[in-house]
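Inspection log for the structure reproduced underneath, given as structure tokens.
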Amino acid sequence: MLDTNRRPEGSPTRVNASHFCSVSSQPIPTRVVLLAGPSGSGKSVLAARTGLPVLRLDDFYKEHDDPTLPRVPGSTDIDWDSAGSWDADAAVAAIAELCRRGRTDVPVYDIATSSRTGHETFHIERSPLFVAEGIFAADIVERCQGLGLLADALCLRGRPSTTFRRR
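In terms of my numbering, the sequence shown has 37 at position 52, counting the first letter as 1, and numbering is strictly consecutive.
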């Protein structure tokens, strides 16, 4: 922007006035909407209906042979309903990279085999918002908020009988 107040030498001076103008060279910051709720609560359906890019937090589950997986008390079965069964650190890192760069490398997880079958690059283009949905999304709300990444956090709930039927 040119300052129209002329200096004594007669030449206008350049001033950075981007804070006065809604048009700026800075990109619109991307933020995440975290969508939590139990299995069968309708998270995936709602996320798809938003029309926003959707990051599936289920892809951050640990593999079946990971020694850090929690066990059901009194059993050798894996407790897949425990927050210890997924990699929250990797999920937050992916969300941060999406907000910063608009793309990130994410695992592709096969629930049927409880294993990662590869990786893919996830792009959100220039979207100012994206949804990250999963049963453990509520566990990363504070971290995302503290990092300045959070736009909103929603938790779906319903009657247990409805949730059970949807599973």
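Where a beta carbon is used, it is the ideal one built from N, C-alpha and C, also for glycine.
What you are looking at is a predicted structure, and each value in this text was computed from that prediction instead of being measured.
Residue i, enclosing alpha helix (DSSP H) - first and last residue
i      : result
Gly131 : Val126 to Gly131
Leu135 : Premise fails: Leu135 lies in the beta strand (DSSP E), Leu135 to Cys140, not in any alpha helix (DSSP H).
Arg111 : Neither: Arg111 is in no alpha helix (DSSP H) and is coded neither H nor E.
Phe56  : According to the sequence displayed, residue 56 carries Arg and not Phe. Here Arg56 belongs to no alpha helix (DSSP H), and DSSP marks it neither H nor E.
Cβ-based burial, residue i [other Cβ within 10 Å; buried from 16]
i      : result
Ser125 : The identity of residue 125 in the sequence shown is Ile, whereas the question assumes Ser. With 16 or more Cβ atoms within 10 Å of its Cβ, Ile125 is classed as buried.
Ala97  : exposed
Asp72  : buried
Pro92  : buried
Thr15  : buried
Val18  : buried
Glu118 : buried
Gly22  : buried
Ser26  : buried
is_contact[residue i, chain D] using C-beta, thresh 9 Å
i      : result
Ile120 : In the structure shown, chain D does not exist; there is a single protein chain.
Reference residue i; option with closest CA among the options
i      : options                 : result
Arg88  : Phe107, Val17 and Tyr94 : Phe107
Ser112 : Ser24, Ile63 and Pro38  : Pro38
Asp51  : Asp64, Ser60 and Arg41  : Asp64
Boundaries of the beta strand (DSSP E) in which residue i is found, first to last residue
i     : result
Leu31 : No beta strand (DSSP E) holds Leu31; the alpha helix (DSSP H) holding it covers Lys28 to Arg34.
If you pair each beta-carbon of the segment 94 to 104 with each one of the segment 36 to 54, do three or more pairs fall below 8 Å? yes
Output the residue ranges of the alpha helix (DSSP H) runs that lie fully inside the segment 65 to 98 and measure 4 residues or longer, sorted by chain position. 73 to 86
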